[in-house]
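Visitor: Keeping their order, the protein sequence lines are chains A and B.
Following my numbering, the numbering of the first sequence begins with 1 at its first residue and continues without gaps.
Following my numbering, the numbering of the second sequence begins with 1001 at its first residue and continues without gaps.
Number of protein chains: 2
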Amino acid sequence: MRIELIVVGDEILLGQTRDTNSAYIARRLTAEGLRLERILVVGDNQEHLQKALEASSGHADIVILTGGLGPTSDDVTRPVLADFLGMPLRFRQDLADGILDRFTRRGTRPSPGWESMAHFPAGAEPLPNSQGAAPGIFAQAGARCYYALPGVPTEMQPMFDRDVLPALVRRRSSVFKSCIFKSVGVGESHLEQKIGPAEHFRPATIAFLPSIDQGVTLRLSCGGVSEQDVESVLKRGAEVIESAVRESLYAREEIALEAVVIDYLRRKGLRLSLAESCTGGLIAERLTSVPGASDVFDAGLVTYSNDAKMSLLKVPDSLLTSFGAVSAECAAAMAEGARAVREVDLALSVTGVAGPGGGSPEKPVGLVFIALASAGGTVVERHHFAGGRDSNRRRSALAALSMLYRYLSRKGLPS
Amino acid sequence: MRIELIVVGDEILLGQTRDTNSAYIARRLTAEGLRLERILVVGDNQEHLQKALEASSGHADIVILTGGLGPTSDDVTRPVLADFLGMPLRFRQDLADGILDRFTRRGTRPSPGWESMAHFPAGAEPLPNSQGAAPGIFAQAGARCYYALPGVPTEMQPMFDRDVLPALVRRRSSVFKSCIFKSVGVGESHLEQKIGPAEHFRPATIAFLPSIDQGVTLRLSCGGVSEQDVESVLKRGAEVIESAVRESLYAREEIALEAVVIDYLRRKGLRLSLAESCTGGLIAERLTSVPGASDVFDAGLVTYSNDAKMSLLKVPDSLLTSFGAVSAECAAAMAEGARAVREVDLALSVTGVAGPGGGSPEKPVGLVFIALASAGGTVVERHHFAGGRDSNRRRSALAALSMLYRYLSRKGLPS
Chain A
1 MRIELIVVGD EILLGQTRDT NSAYIARRLT AEGLRLERIL VVGDNQEHLQ
51 KALEASSGHA DIVILTGGLG PTSDDVTRPV LADFLGMPLR FRQDLADGIL
101 DRFTRRGTRP SPGWESMAHF PAGAEPLPNS QGAAPGIFAQ AGARCYYALP
151 GVPTEMQPMF DRDVLPALVR RRSSVFKSCI FKSVGVGESH LEQKIGPAEH
201 FRPATIAFLP SIDQGVTLRL SCGGVSEQDV ESVLKRGAEV IESAVRESLY
251 AREEIALEAV VIDYLRRKGL RLSLAESCTG GLIAERLTSV PGASDVFDAG
301 LVTYSNDAKM SLLKVPDSLL TSFGAVSAEC AAAMAEGARA VREVDLALSV
351 TGVAGPGGGS PEKPVGLVFI ALASAGGTVV ERHHFAGGRD SNRRRSALAA
401 LSMLYRYLSR KGLPS
Chain B
1001 MRIELIVVGD EILLGQTRDT NSAYIARRLT AEGLRLERIL VVGDNQEHLQ
1051 KALEASSGHA DIVILTGGLG PTSDDVTRPV LADFLGMPLR FRQDLADGIL
1101 DRFTRRGTRP SPGWESMAHF PAGAEPLPNS QGAAPGIFAQ AGARCYYALP
1151 GVPTEMQPMF DRDVLPALVR RRSSVFKSCI FKSVGVGESH LEQKIGPAEH
1201 FRPATIAFLP SIDQGVTLRL SCGGVSEQDV ESVLKRGAEV IESAVRESLY
1251 AREEIALEAV VIDYLRRKGL RLSLAESCTG GLIAERLTSV PGASDVFDAG
1301 LVTYSNDAKM SLLKVPDSLL TSFGAVSAEC AAAMAEGARA VREVDLALSV
1351 TGVAGPGGGS PEKPVGLVFI ALASAGGTVV ERHHFAGGRD SNRRRSALAA
1401 LSMLYRYLSR KGLPS
């Protein structure tokens, strides 16, 4: 099954809006073993869209369109698609009622030109839009299917998930399944070594998806004719991967590391504080991005100046003089200080040289110390990252969350 | 001049890597009055790339390609382009020397298959790659130009800026100029009202580019035959815009609000601390993302729990009981507390209900108070945002930075 995507919108060709719909659709299809064969981006231009439809219809079985469904004269997808398919636009009272009803419920006046959204290609099927006014379009021309979705991601995504993806999965003749393994603290090539040759997993395939904020995600996928066969291949492969990467594995589903950490803290009844220097609040920001973080997160102290380290965290002046703010000793004192001052179970600290300035031969840019203080004592890790300021800060935050995760998960993985 | 972009890479069609090159190229072209007419994304597949080149060559004057220039067998751009243009690949000793020299300087072994990168289309011109091993390709076929660039954004961007964009600008027959206005604290539609009808700026055009983290950027652009005419049109337009939006304007160049704020603090010799609740460290993270922030940024206190607000910021228990943590009173006490405890010139605080939980009829999700304490007293702002957790936190951080900016810039704009 050949699937193509046509993205319609001047704002993307002008670089004013980043097209996130393509990546979303690509990711969702891939997770179901389907594959996007080509993406075409065209402007809000009748002739260009017409040509794109001709080009796609030449070899695709499924053509998905995003954008251009709104009520303004820029929105060309509805008339161009109708014309291309030979399905003239007809006014539909049911759609008009639905659109007006939505405006009434929100207490707003209908957008100018709203009636155009109720003019629908004859013979096509509307796709309900739970988040916006413009209905999507499903049309069939011979064996070829067309899906036109809105360009606004919050409208497009639920429509794609509800009305497009399941239909494509049903059309697929074979079975396809995949599972993921989220790991942290071990690089991609090292993971590859641990897991062994990809050939051992055949007919399943392995993909390594590294992220600077979330570690490396492994995806094991397999397609076949029998559900039972595919599942047993995946089960065998998953056992190999799990035992090889157990130490660094933090989730078997799409969940952020910070959410896993918050969940552990909650289940263990532990409260956490942070003492951040070079990460400047990034770890606090990540942990508090998780709804309900307030149950376990007490406070974050972004102690950027030496004075702040001394007065807020009780780091001794003499320690800063002897070892400097970027040192294992200072990291330990920051974590222990935060734990004592905030009277919490756990405190995590980071101090380092993010760059681009501030480096020296002894303390080069990228040198970072991370400490974790608990009732059992304090552990310090030393890292040397090789990137720019932003990358060094993000890698430091990931390393700190990874350290915290490893401490919390000593008794095994989340069930 | 018709410009098309062909993006080559399985990782994009699989949703594993987000294509940021398209947006970068689109934005850079638009800023020079050039326009991308179409984007095609194809996989690492000879036949698909071949078809894409045929399609683009049908109507484009300039074809830009990104990706597929590396040394592995997946990298198809070099051979397919050479074949398409009838320029057979020939080994070039100068390119081989340059590639090997790069590996030697970095003290790493050459990647397997590196020699393929020294096989170059006969008659084409290499584009030096300052950030990676694979040279880019410039080839001319009649009046049509082809530019093949690497897919890694850090390699692609400097190459595009140095070797592609200036050449396209030279080919342009007309003059084009634009200028930008970065503003914060006023919404897009309100800005539009203040500025008046777009027709008044003709032949110049205005674009409004809103960002949840940086406010609204206005771009005034004008094309024409005479440089003098274009400049005088822009000058007149810029005067109108400046006087209409003066209050909310924070920069006339591409610079982040946090960098403008840090610069102001440095020039005024003021030190800042933060007291963040619902933003959870986001404001500290943004300010410390600016190199050199340590000159003026003292500390950030992420006081998530009531206890942390009391003990770290000296917010009175009675105040929390009477008004609650989400109140104008608490915001003011947090800022004043941070200013006193840290003995700094300025302290900024944020407290609110980020959601999705924690709301009530009196204190709904999205209600946020921001306070700024200085020697002159304390000012509190009340906001009610209507988004989800992430959006509410980001809008809160922007509103806080905006408030700080307005305080610092009382005496006019940065020169």
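Backbone N, C-alpha and C fix where the C-beta goes; we use that ideal spot for every residue, glycine too.
#1: Which residue from P291(A), P316(A), L319(A), S322(A) puts its Cα closest to that of G1358(B)?
#2: Might you give, ordered along the chain, the residues of its own chain that have their beta carbon closer than 7 angstroms to the beta carbon of L1234(B), omitting 5 neighbours on each side?
#3: Is the beta carbon of M1334(B) sitting closer than 8 angstroms to the one on A1275(B)?
#4: I want to see whether chain B comes within less than 8 angstroms of I39(A), judged by CB atoms only; does it?
#5: For chain B, check one thing: does any of its Cβ atoms lie closer than 8 angstroms to the Cβ of Q214(A)?
#6: Check whether the segment 280 to 298 of chain A touches the segment 1268 to 1284 of chain B, counting contact only when three or more Cβ pairs, one atom from each stretch, lie closer than 8 angstroms.
#7: Under 9 angstroms between beta-carbons, which chain B residues line up against H48(A)? List them in chain order, please.
#8: Would you call D1101(B) buried or exposed, if buried means 16 or more other Cβ atoms sit within 10 Å of its Cβ?
#9: Within 10 angstroms of its Cβ, does V1416(B) collect 16 or more other Cβ (buried), or is it exposed?
#10: Just to confirm before moving on: does the CB-CB distance between R35(A) and I3(A) stay below 8 angstroms?
#11: Taking Cβ-Cβ distances shorter than 8 angstroms, what residues in chain B pair up with G292(A)?
#12: Output needed in chain order: residues of the segment 1264 to 1283 of chain B with a Cβ under 7 angstroms from some Cβ in chain A.
#13: By the three-class DSSP mapping on this structure, what secondary structure does C1330(B) have?
#14: Am I right that H1383(B) and A1399(B) are in contact with their C-beta atoms under 8 angstroms? What's the rounded C-beta distance?
#15: In whole angstroms, what separates the C-alpha of D97(A) from that of A118(A)?
#16: What does a CB cutoff of less than 6 angstroms around S273(A) pick up in its chain, not counting 5 residues either side in sequence?
#17: Apart from the five residues on each side of it in sequence, which residues of its chain come closer than 7 angstroms, Cβ to Cβ, to K1363(B)?
#18: Considering Cα atoms alone, identify which of P166(A), R109(A), G70(A), L49(A) is closest to A31(A).
#19: Applying a beta-carbon distance threshold of less than 7 angstroms, which residues of chain B neighbour G15(A)?
#20: Can you confirm whether the segment 1188 to 1196 of chain B touches the segment 1236 to 1244 of chain B when touching is taken to mean that 3 or more C-beta pairs between the two stretches lie within less than 8 angstroms?
#21: DSSP three-state label for K177(A), please.
#22: Name the chain B residues whose beta carbon is nearer than 9 angstroms to that of L234(A)?
#23: Between A1416(B) and E1047(B), what straight-line distance do the alpha-carbon atoms span, to the nearest angstrom?
#24: Which residue marks the beginning of the alpha helix (DSSP H) containing F103(A), and which one marks its end?
#25: Return no unless some Cβ of chain A is closer than 8 angstroms to the Cβ of D1298(B).
#26: Could you give the DSSP three-state label for E343(A): helix, strand or coil?
#27: Over what stretch of residues does the beta strand (DSSP E) that includes T279(A) continue unbroken?
#28: Quick check on the burial criterion: 16 or more other C-beta atoms within 10 angstroms. Buried or exposed for L401(A)?
#29: Under 8 angstroms, with one C-beta from each stretch per pair, do the segment 1057 to 1074 of chain B and the segment 1005 to 1014 of chain B reach the 3-pair mark?
#30: Between the beta-carbon of L184(A) and the beta-carbon of Y250(A), is there less than 8 angstroms?
#31: To the nearest angstrom, how far is it from the Cα of R28(A) to the Cα of R171(A)?
#32: CA-CA distance, A1082(B) and Y1147(B)?
#33: So what does DSSP say about G1412(B), is it helix, strand or coil?
#34: Looking at chain B, which residues of the segment 173 to 186 of chain A have a Cβ within less than 9 angstroms of any of its Cβ atoms?
#35: Quick one: what's got a C-beta closer than 7 angstroms to K1411(B)'s C-beta in the same chain, skipping five residues either side?
#36: Over what stretch of residues does the alpha helix (DSSP H) that includes Y1264(B) continue unbroken?
Guide: Result, derived from the coordinates:
#1: Taking the first residue of the second sequence as 1, we reach residue 1358(B) at position 358. Comparing Cα-Cα distances from G1358(B) to each of P291(A), P316(A), L319(A), S322(A), the minimum goes to P291(A).
#2: The residue labelled residue 1234(B) in the question sits at position 234 within the second sequence. Contacts found: K1177, C1179, A1204, L1220, C1222.
#3: In the second sequence, residue 1334(B) corresponds to position 334, counting from 1. In the second sequence, residue 1275(B) corresponds to position 275, counting from 1. Their beta carbons are under 8 angstroms apart, which means M1334(B) touches A1275(B) by this criterion.
#4: Stepping through the first sequence from its first residue, residue 39(A) is reached at position 39. True, the Cβ-Cβ gap to chain B drops below 8 angstroms.
#5: In the first sequence, counting from the first residue as 1, residue 214(A) sits at position 214. Not one chain B Cβ lies under 8 angstroms of Q214(A).
#6: yes
#7: Taking the first residue of the first sequence as position 1, residue 48(A) is located at position 48. Going along chain B in sequence order, the residues near H48(A) (Cβ under 9 angstroms) are E1037, R1038.
#8: Sequence index remark: in the second sequence, residue 1101(B) carries index 101 (1-based). With fewer than 16 other Cβ atoms within 10 Å, it is exposed.
#9: No statement about residue 1416(B) is possible, as the shown extent of chain B runs from 1001 to 1415 and does not include it.
#10: Start at 1 with the first residue of the first sequence, and residue 35(A) comes out as number 35. Start at 1 with the first residue of the first sequence, and residue 3(A) comes out as number 3. Taking 8 angstroms as the Cβ cut-off, R35(A) and I3(A) qualify as a contacting pair.
#11: Here residue 292(A) refers to the residue found at position 292 of the first sequence. Chain B residues near G292(A): G1357.
#12: G1280, G1281, L1282
#13: In the second sequence, counting from the first residue as 1, residue 1330(B) sits at position 330. C1330(B) falls in the helix class under three-state DSSP.
#14: In the second sequence, counting from the first residue as 1, residue 1383(B) sits at position 383. In the second sequence, counting from the first residue as 1, residue 1399(B) sits at position 399. That pair is a contact at about 6 angstroms.
#15: Walking along the first sequence from the start, residue 97(A) turns up at place 97. Walking along the first sequence from the start, residue 118(A) turns up at place 118. The alpha-carbon atoms of D97(A) and A118(A) are separated by roughly 9 angstroms.
#16: On the first sequence, residue 273(A) is found 273 positions in, with the first residue counted as 1. D298, A299, A338, R342, V344, A347.
#17: Taking the first residue of the second sequence as 1, we reach residue 1363(B) at position 363. G1324, V1326, V1353.
#18: Position 31 of the first sequence, counted from the start, is the residue given in the question as residue 31(A). Checked all of P166(A), R109(A), G70(A), L49(A); the closest Cα to A31(A) is P166(A).
#19: For the purposes of this step, residue 15(A) is identified with residue 15 of the first sequence, where counting begins at 1. Those are A1023, A1026, R1027, T1030, listed as they occur along chain B.
#20: yes
#21: By 1-based counting over the first sequence, the position of residue 177(A) is 177. In this structure, K177(A) counts as strand in the three-state DSSP scheme.
#22: Position 234 of the first sequence, counting from 1, holds the residue named residue 234(A). Simply none; closest approach about 19 angstroms.
#23: No answer is possible for residue 1416(B): the residues shown for chain B start at 1001 and end at 1415.
#24: As a first step, residue 103(A) must be located in the first sequence, where it is residue number 103. Unbroken alpha helix (DSSP H) run through F103(A): 93 to 106.
#25: Looking up residue 1298(B) in the second sequence gives position 298. By this cut-off, D1298(B) is an interface position.
#26: On the first sequence, residue 343(A) is found 343 positions in, with the first residue counted as 1. E343(A): coil per DSSP, three-state reduction.
#27: Here residue 279(A) corresponds to residue number 279 of the first sequence, with the count starting at 1. Note, T279(A): premise wrong, no beta strand (DSSP E); not H, not E.
#28: Translated into positions along the first sequence, residue 401(A) becomes position 401. So L401(A) ends up on the buried side.
#29: yes
#30: Mapped onto the first sequence, residue 184(A) falls at position 184. Mapped onto the first sequence, residue 250(A) falls at position 250. Correcting the residue identity first, residue 184(A) is Val in this sequence and not Leu. It is a contact, given that the beta carbons lie within the stated cut-off.
#31: If you number the first sequence from 1, residue 28(A) lands on position 28. If you number the first sequence from 1, residue 171(A) lands on position 171. For R28(A) and R171(A), the distance between alpha carbons rounds to 16 angstroms.
#32: Translated into the one-based positions of the second sequence, residue 1082(B) becomes position 82. Translated into the one-based positions of the second sequence, residue 1147(B) becomes position 147. Using only the alpha carbons, I get a separation of about 12 angstroms.
#33: Start at 1 with the first residue of the second sequence, and residue 1412(B) comes out as number 412. The predicted position of G1412(B) is uncertain, since its pLDDT is 38 and thus under 50; no value can be drawn from it.
#34: none
#35: Taking the first residue of the second sequence as 1, we reach residue 1411(B) at position 411. A caution first: K1411(B) carries a pLDDT of 42, below 50, which makes its placement in the model unreliable, though a value can still be read off. So no residue of the chain qualifies.
#36: Position 264 of the second sequence, counting from 1, holds the residue named residue 1264(B). Start and end: 1257 to 1268.
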